[in-house]
Structure formats: C-alpha cells, structure tokens
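If you count the sequence shown from 1, position 70 lands on 70 in full-length UniProt numbering, and the numbers rise without skipping. Even glycine gets a Cβ: it sits at the ideal position worked out from N, Cα and C.
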Amino acid sequence: MTPDATLAPPPVGDDVTRLVEVPGTPPAPRRGRTVLPDPGAEAPGPRRRVRGIPAEQRFDLIGAVCASLAVATLLFGWLTPMTGVIGWAVVAYASFLAIYALLIVLRSDRLDVVDRVMTALLYSAGGLLLAALVFVVVFTLLRGFDAVTHLTFFIETMKFAGPLDPLDTGGIAHAIVGTLIQISIALAIAVPLGIATAVFMNEIGGRFARFVRTISDAMTALPSIVAGLFIYAAVITLVTQERSGFAASLAITVMMLPIIIRASDVVLRLVPGNLREASYALGASRWRTVWTVVLPTSRSGLATAVILGTARGVGETSPVLLTSGVTAVMNTNPFHGPMISLPLQVFDMVKSPEPSMIARGFGAAATLIALVLVLFIVARAIGGKGAGQLSPRRRRARAAASRGDLARIERRAALSAAAASAVLVPATLTASEALAAERVAADTSHPSEETP
C-alpha cells in the first residue's frame with residue numbers, strides 16, 4: 001500500500017445508493033433540505049378575520065339592509081301586484097343577501113364573500129328561532145296576564161269556581177301539584193333505567209345491545225297517544241281498574257325513556273377511551289370504571305339528556321287524558337283517583353267559550369313554561385359543569401377532601417413507624433442478650449491461664 005493511498009480520505013456516501021469519492025473536500029449538500037424564499041415572490045395578503053364583522057364592512061351590512069327594504073317595498077307597492085307580509089319579508093331577505101354579496105365582492109375575494117353570506121344566513125336562522133321562542137312566551141304571558149296577577153290563581157283549585165266566575169276565584173293549584181307528582185315519579189323511573197340502558201349499550205355491547213339501540217331509536221318517534229293506550233290497556237284495564245296519577249306517570253315514562261336513552265348513549269360515546277384504559281390499567285373493575293370514571297366525566301351531558309326527557313314528558317297531554325282523567329279538586333294520592341296536570345288543565349280551559357276560562361288557560365300555560373324553566377335550572381345545577389370544570393364550591397370541597405386524605409395518610413404512616421419500632425426494639429434486646437450469653441459460655445469452657 002502506497003503512502004498516498006493511506007492518506008486518501010475514505011469514500012463518502014449519500015443517502016441514495018452510490019458512493020462518491022471527494023478527496024479533500026466536504027460533500028456537496030443534498031437537495032430538498034432547505035429552501036430559501038424567493039425575493040420576487042408575492043407577499044401574503046392581509047390576515048382574514050373569521051369572527052365578527054370588520055369595521056369597513058359594517059356600512060355594507062347597513063346599506064344592504066336599507067336597500068333590500070327599499071327594493072321589497074318598491075316591488076310590492078309600485079311595480080308588481082304582489083301582496084302579503086310573508087312574501088314581502090321573503091323578497092326583502094333575498095334582496096339583502098344579493099346586495100350584501102355584491103357589496104363585499106367589490107373589495108374582497110370569493111372566499112370572504114362566502115364567509116360573510118353564510119354568517120348572515122346563520123345569524124338570521126338563530127335570530128328567527130329566538131324570535132319564534134320569544135313570540136310564544138310573550139304571547140302566552142300577555143293572554144294570561146289577567147289571571148296570573150291574582151294570588152288565588154296559584155293557591156286555589158277549581159272546585160268551587162265555574163266558567164262565569166271572575167278571575168280572582170279559583171286557580172290551578174291542583175294541576176301544579178299533579179304535574180310535580182307525575183313528573184317526579186316518571187323521572188324516578190326513567191332516569192336510572194335510561195342511563196343504565198345507555199351504559200349497557202356502550203360498555204357491554206353485543207347483538208342484544210344493538211337490538212336495544214334499534215328499539216330505543218324507533219321509540220323516539222312513538223306517538224304519545226299510543227303510549228297512553230298501552231298503559232290504559234296494560235295497567236288500568238288489567239290491574240288497577242281506575243285512572244290514577246301513577247298510570248299517567250307510567251305513560252309519561254314511556255315517552256321520556258327513549259329520549260334519555262338516546263341522548264345518554266351519544267354522551268357516553270364521547271368519553272375518551274384512554275380514560276377507561278387508564279382505569280383498567282390501575283386494576284379497577286368494569287363497574288368501578290363506569291361509576292368513578294365514565295359517569296363523572298359525562299355528568300354534564302347526562303344532565304342535558306335528563307333535561308330533554310323532562311321537556312318531552314312535562315308537556316304531554318293525551319297520555320294523561322287517557323290514563324289520569326280530568327278533575328277540579330286536589331288529589332295528592334297518585335295511586336287512587338284522577339289527577340290532572342298543567343297541560344291537560346290548559347287543554348280543558350282553552351276549549352271553553354268563556355273569556356275568563358281562556359285567560360285561565362293561558363295563565364296555566366305561562367305557569368307551565370315557568371315550571372319547565374325551573375326544572376331545567378335545577379337539572380343543570382345538579383349536573384354541574386363539564387369534565388374537569390369545577391365550581392368554586394366543589395373546588396373547596398375537593399381541597400378539604402384532599403387535606404383529609406393527607407392527614408389520614410400521615411396518621412397511618414406514624415402508626416406504621418411506631419409499630420415497626422416497637423417490634424424492632426425487643427428483637428434487638430433479645431439478640432444482645434443471646435450474644436452476651438454466648439460470650440459467658442465461651443469464657444467458662446475455655447478459662448484463661450493465669451500469668452505468674
């Protein structure tokens with residue numbers, strides 16, 4: 001081997017397949033690693049806002065609204081024979097969208113036009129739904145205002161009141177009590193059964209779970225009159241032989257159950273699987289995982305499911321009419337005698353031709369709306385916030401529980417240390433005594449020679 005060969009650098013290989021010998025020089029950089037920006041490239045455009053309306057487009061929105069109103073008024077009042085408030089509103093809204101898109105396209109690109117038009121559509125849909133809800137509530141309150149202003153309307157019954165009596169005579173106390181009793185019994189049956197069924201479908205699975213899911217999905221479209229007829233034929237005709245509040249509660253349960261099952265099923269599916277896996281990895285059983293991990297994580301969604309079921313059950317009329325009947329007296333026994341509810345009371349009052357009874361019916365409807373709102377607030381308060389979001393009261397409770405756990409652990413550690421020291425000291429003394437005895441025995445068996 002020559003000296004030149006020994007001093008030559010080794011072959012340098014790239015990441016493809018061939019070797020390149022570059023004596024004394026570094027390898028050339030590979031392509032595709034670093035790309036420098038082109039100085040002549042076009043600069044990025046301004047950042048586009050996703051939320052809110054820019055200041056320069058607010059005048060476009062106002063101008064589009066004014067122009068659309070003018071166009072609709074011109075078409076319906078001067079140029080065409082079209083009439084009607086609904087037609088005028090539809091033409092005005094369509095003109096607003098067209099004019100608004102035209103004004104935006106003059107200064108923005110196509111993507112911005114689509115965003116603004118879709119934003120206007122979504123805001124319009126939300127405003128329309130909110131307006132419909134407000135209209136229903138305000139209309140009900142206005143029609144029943146003369147009745148709800150009297151305190152006797154909430155504390156008396158219709159036992160001694162007739163259609164021609166004034167509004168300060170008689171009330172709906174019996175209907176309020178009947179509604180609370182019926183919905184309480186229905187919730188006591190439907191909530192545990194519905195959540196347990198949803199847990200079974202998600203955690204157990206199998207063919208039977210798929211069959212149960214299919215049946216529950218089909219029951220969501222069950223007509224309420226069918227549920228009332230089923231309870232009437234299966235309970236009243238064969239068992240009780242009379243109408244009662246309990247039979248009405250069973251009919252309401254049949255209507256609430258599929259709603260709670262379906263909503264709870266969707267909520268439980270959203271629980272992350274890694275939470276279950278972590279619980280199983282720590283040695284928890286399936287029931288322990290469901291009780292301490294799955295249900296607390298989905299508590300807020302389960303409260304929403306209960307709210308949806310309550311909203312469905314509290315407004316049912318035909319099942320209560322078939323299974324409970326109409327009465328004008330107070331009945332607090334759900335197992336004997338007819339028990340009226342607020343929806344049925346509203347139906348019974350508004351069909352009367354007397355204005356006073358119609359006012360009482362709208363007052364009962366306003367009371368039903370307020371009752372549903374209170375039930376929703378209570379359910380939301382019980383359900384709490386979402387997973388990981390604690391209220392200040394719950395945070396203080398968790399902190400107090402953590403301090404208690406720490407104190408308990410310290411006490412156990414102190415007791416364990418004291419027990420260990422109590423066992424260790426006698427064992428040490430015993431070993432010392434044994435060693436001393438061995439030394440004494442050795443001295444006795446081998447006496448030392450005395451020195452002269």
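| message | Quick check on D15: does DSSP put it in helix, strand or coil? | response | Position 15 of the sequence shown, counting from 1, holds the residue named residue 15. Reliability of the predicted coordinates at D15 is poor, the pLDDT of 47 falling under 50, and the value obtained from them is presented with this limitation in mind. In the structure shown, D15 sits in coil (DSSP, three-state: anything other than H, G, I, E or B).
| message | One question on the structure: do S249 and I195 come within less than 8 Å of each other, judged by their Cβ atoms? | response | In the sequence shown, residue 249 corresponds to position 249, counting from 1. In the sequence shown, residue 195 corresponds to position 195, counting from 1. In this structure, I195 does not lie closer than 8 Å to S249 by Cβ.
| task | Round the Cβ separation of L368 and L229 to the nearest angstrom and send it over; I've been treating them as touching at under 8 Å. | result | Here residue 368 corresponds to residue number 368 of the sequence shown, with the count starting at 1. Here residue 229 corresponds to residue number 229 of the sequence shown, with the count starting at 1. Incorrect: roughly 24 Å between the Cβ atoms, too far for contact.
| message | Excluding the 5 residues flanking Q345 on each side, which residues of the same chain have their C-beta closer than 7 Å to its C-beta? | response | Taking the sequence shown and counting its residues from 1, one reaches residue 345 at position 345. Only I172, A175, A364 meet the Cβ criterion.
| Where the alpha helix (DSSP H) through E242 begins and ends | Within the sequence shown, numbered from 1, the residue matching residue 242 stands at position 242. E242 -> no alpha helix (DSSP H), and no H or E assigned at all.
| Assigned exposure category for A186 - 16 Cβ within 10 Å defines buried | Residue mapping note: residue 186 aligns to position 186 of the sequence shown, counting from 1. A186 is buried by the Cβ-count criterion.
| Would you report the Cα separation of T169 and V266, rounded to the nearest angstrom? | As a first step, residue 169 is located in the sequence shown; it is residue number 169 there, counting from the start. As a first step, residue 266 is located in the sequence shown; it is residue number 266 there, counting from the start. Roughly 48 Å between the two C-alpha positions.
| said: Tell me the residue span of the alpha helix (DSSP H) that contains E277. | reply: Mapped onto the sequence shown, residue 277 falls at position 277. Here the alpha helix (DSSP H) through E277 covers 273-281.
| field | Status (buried if at least 16 other CB within 10 Å, exposed otherwise) for F211 | value | For the purposes of this step, residue 211 is taken as the residue at position 211 of the sequence shown. So F211 counts as exposed.
| said: Would the segment 310-317 count as touching the segment 338-355 if we require 3 or more Cβ pairs under 8 Å? | reply: yes
| Whole-number beta carbon distance between N331 and G337, since they are thought to touch under 8 Å | If you number the sequence shown from 1, residue 337 lands on position 337. If you number the sequence shown from 1, residue 331 lands on position 331. With a Cβ gap of about 5 Å, G337 and N331 count as contacting.
| query | Per DSSP, what kind of secondary structure is E56 in: helix, strand or coil? | reply | Residue 56 sits at position 56 when you count from the first residue of the sequence shown. Correct three-state label for E56: helix.
| task | Out of D60, R58, V91, point me to the one whose CA is closest to A72's CA. | result | Counting from 1 along the sequence shown, the entry for residue 72 is found at position 72. Closest by alpha carbon: V91.
| field | Sequence-distant residues of the same chain with beta carbon closer than 7 Å to H150, five excluded per side | value | What you label residue 150 is simply residue 150 of the sequence shown in a count that begins at 1. Hits under 7 Å: L167, D168.
| Distance CB(T297)-CB(L275) smaller than 8 Å | Within the sequence shown, numbered from 1, the residue matching residue 297 stands at position 297. Within the sequence shown, numbered from 1, the residue matching residue 275 stands at position 275. In contact: T297 and L275 (Cβ atoms closer than 8 Å).
| Which of the three DSSP states, helix, strand or coil, is assigned to A234? | Residue 234 sits at position 234 when you count from the first residue of the sequence shown. Helix.
| Less than 8 Å separating the beta-carbons of D146 and I104? | The residue you call residue 146 lines up with position 146 of the sequence shown. The residue you call residue 104 lines up with position 104 of the sequence shown. No.
| query | Around the C-beta of L342, are 16 or more other C-beta atoms found within 10 angstroms, so that it is buried, or is it exposed? | reply | Start at 1 with the first residue of the sequence shown, and residue 342 comes out as number 342. Buried is the call here.
| message | At a threshold of 7 Å, does V254 count as lining the ligand ZN (C-beta to nearest heavy atom)? | response | This structure lacks the ligand ZN; in fact it carries no ligand of any kind.
| Can you tell me whether V136 is buried or exposed, with buried defined as 16 or more other CB within 10 angstroms of its CB? | Here residue 136 refers to the residue found at position 136 when the sequence shown is read from its first residue. Result: exposed.
| request: Could you check what DSSP says for G205 in three-state terms: helix, strand or coil? | output: The residue given as residue 205 occupies position 205 in the sequence shown. It is coil, neither helix nor strand.
| message | Please report the straight-line C-alpha distance between F76 and T83, rounded to a whole angstrom. | response | Taking the first residue of the sequence shown as 1, we reach residue 76 at position 76. Taking the first residue of the sequence shown as 1, we reach residue 83 at position 83. Spanning the two alpha carbons is a distance of roughly 6 Å.
| message | Output needed for A64: all residues of its chain with C-beta closer than 7 Å, excluding positions within five of it in sequence on either side, in chain order. | response | Sequence index remark: in the sequence shown, residue 64 carries index 64 (1-based). Taken in chain order, the residues that qualify are F96, I99, Y100, L103.
| Does the Cβ-Cβ distance between I260 and V306 come in under 8 Å? | The sequence position of residue 260 within the sequence shown is 260, counting from 1. The sequence position of residue 306 within the sequence shown is 306, counting from 1. Contact: yes.
| query | By DSSP, does P319 sit in helix, in strand, or in coil? | reply | Walking along the sequence shown from the start, residue 319 turns up at place 319. In this structure, P319 counts as helix in the three-state DSSP scheme.
| How would you label V271, buried or exposed, when you count the other beta carbons within 10 angstroms and need 16 or more for buried? | Position 271 of the sequence shown, counted from the first residue, corresponds to residue 271. Result: buried.
| message | My output table needs one value for M219: the three-state DSSP class, helix, strand or coil. | response | On the sequence shown, residue 219 is found 219 positions in, with the first residue counted as 1. DSSP places M219 in helix when its eight states are reduced to three.
| message | Which runs of the alpha helix (DSSP H) at least 4 residues long sit entirely within the segment 120-204? Give them in chain order. | response | 145-148, 152-155, 173-199
| field | Alpha-carbon spacing of A407 relative to A401, whole angstroms | value | For the purposes of this step, residue 407 is taken as residue 407 along the sequence shown, with counting starting at 1. For the purposes of this step, residue 401 is taken as residue 401 along the sequence shown, with counting starting at 1. Looking at the two C-alpha atoms, the distance is approximately 10 Å.
| said: For the segment 237-252 against the segment 178-193, do three or more pairs of beta-carbon atoms, one drawn from each stretch, fall closer than 8 Å, so that the two count as touching? | reply: yes
| said: 8 Å is my cut-off, CB to CB: does L373 come that close to chain B? | reply: Judged by its chain identifiers, the structure shown contains no chain B, having just a single protein chain.
| query | In whole angstroms, what separates the C-alpha of R396 from that of A359? | reply | Mapped onto the sequence shown, residue 396 falls at position 396. Mapped onto the sequence shown, residue 359 falls at position 359. Computed Cα separation, rounded: 49 Å.
| said: Which same chain residues end up closer than 6 Å to A281 when comparing Cβ atoms and leaving out the 5 residues on each side of it in sequence? | reply: Taking the first residue of the sequence shown as 1, we reach residue 281 at position 281. Closer than 6 Å at the Cβ level, and outside the excluded window around A281, lies no residue.
| query | In chain order, what residues of the same chain have a beta carbon less than 8 Å from the beta carbon of D165, not counting five sequence neighbours either side? | reply | Position 165 of the sequence shown holds residue 165. Excluding residues within five positions, the ones whose Cβ falls inside 8 Å are S356.
| Member of V372, F246, L268 whose CA lies at the smallest distance from the CA of L308 | In the sequence shown, residue 308 corresponds to position 308, counting from 1. Of V372, F246, L268, the residue nearest in Cα terms is V372.
| said: Can you list, in chain order, the residues of its chain with a C-beta nearer than 7 Å to that of R243? Leave out the 5 residues immediately preceding and following it. | reply: Position 243 of the sequence shown, counted from the first residue, corresponds to residue 243. Same-chain partners within the cutoff: I236, T323, S324, G325, P338.
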